[in-house]
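Peer 1: For the sequence shown, full-length UniProt numbering assigns the number 1 to the initial residue and increments by one for each residue that follows.
Using N, Cα and C, we set each Cβ at its ideal position, and we do this for glycine too.
Being a predicted model, the structure only gives us computed values, none of them experimental.
Please find one structure pasted underneath; my questions will follow.
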Amino acid sequence: MAGRNLSRLLTKTPVSRVPSVSIITRSNSSWEPKDKVTHTGQIFETDDKRLVRFVDRPKEVNDRWAINLIDEVPPMPTEARIVCCNGGGGPLGHPKVYINLDKPGNHACGYCGLRFTKEDHH
């Protein structure tokens with residue numbers, strides 16, 4: 001309905017009286033928050049409604065992921081065929097796990113990610 005009234009108004013108005021409107025856009029800034037990728041790979045689409053909570057404040061994501069920190073620890077060499085990993089022991093550790101080192105290469109603990117390797121003593 002409003003479209004018809006507007007078109008009737010514009011057809012009756014001479015072209016010289018219609019004010020020119022310039023559209024100004026800012027290409028270097030945006031109100032949309034920047035979405036950081038988390039360690040689990042979580043990222044939202046740009047039109048996702050859940051991004052509203054990050055409009056006035058940044059999304060706090062820890063850039064030091066645990067898997068990257070564990071990769072910095074070198075593998076522990078041992079001469080035994082089977083090693084035990086308890087994640088540090090005590091209440092801060094994980095259940096005791098026995099890891100077979102018969103195959104060559106590094107072997108990681110399934111809980112904490114620490115790596116073990118067997119040194120040949122020949």
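Are the stretch 79 to 89 and the stretch 114 to 121 touching by the rule of at least three beta carbon pairs closer than 8 Å?
Peer 2: Yes, they touch.
Peer 1: Are residue 38 and residue 55 touching if we call contact CB-CB under 7 Å?
Peer 2: Contact: no.
Peer 1: State whether the stretch 91 to 101 contacts the stretch 58 to 72, with contact taken as three or more CB pairs (one from each stretch) at a distance under 8 Å.
Peer 2: Not touching, per the Cβ criterion.
Peer 1: For residue 66, which three-state DSSP category applies?
Peer 2: In the structure shown, residue 66 sits in a helix (DSSP, three-state: H, G or I).
Peer 1: Where does residue 84 land, buried or exposed, given buried means 16+ other C-beta within 10 angstroms?
Peer 2: It counts as exposed.
Peer 1: Using DSSP's beta-bridge definition, name the partner residues of residue 107.
Peer 2: 116.
Peer 1: Going by C-alpha distance, which of 111, 107, 43 and 50 is nearest residue 86?
Peer 2: Checking every option, the nearest Cα to that of residue 86 belongs to 111.
Peer 1: Where does residue 77 sit, in a helix, a strand or coil, going by DSSP?
Peer 2: Residue 77 falls in the strand class under three-state DSSP.
Peer 1: On the three-state DSSP scale, how would you describe residue 52?
Peer 2: DSSP places residue 52 in helix when its eight states are reduced to three.
Peer 1: I need the boundaries of the beta strand (DSSP E) containing residue 37, first residue and last residue.
Peer 2: That residue, residue 37, is in no beta strand (DSSP E); it is neither H nor E in DSSP.
Peer 1: Whole angstroms is fine: what's the gap from residue 98's alpha carbon to residue 53's?
Peer 2: So the two alpha carbons sit approximately 45 Å from each other.
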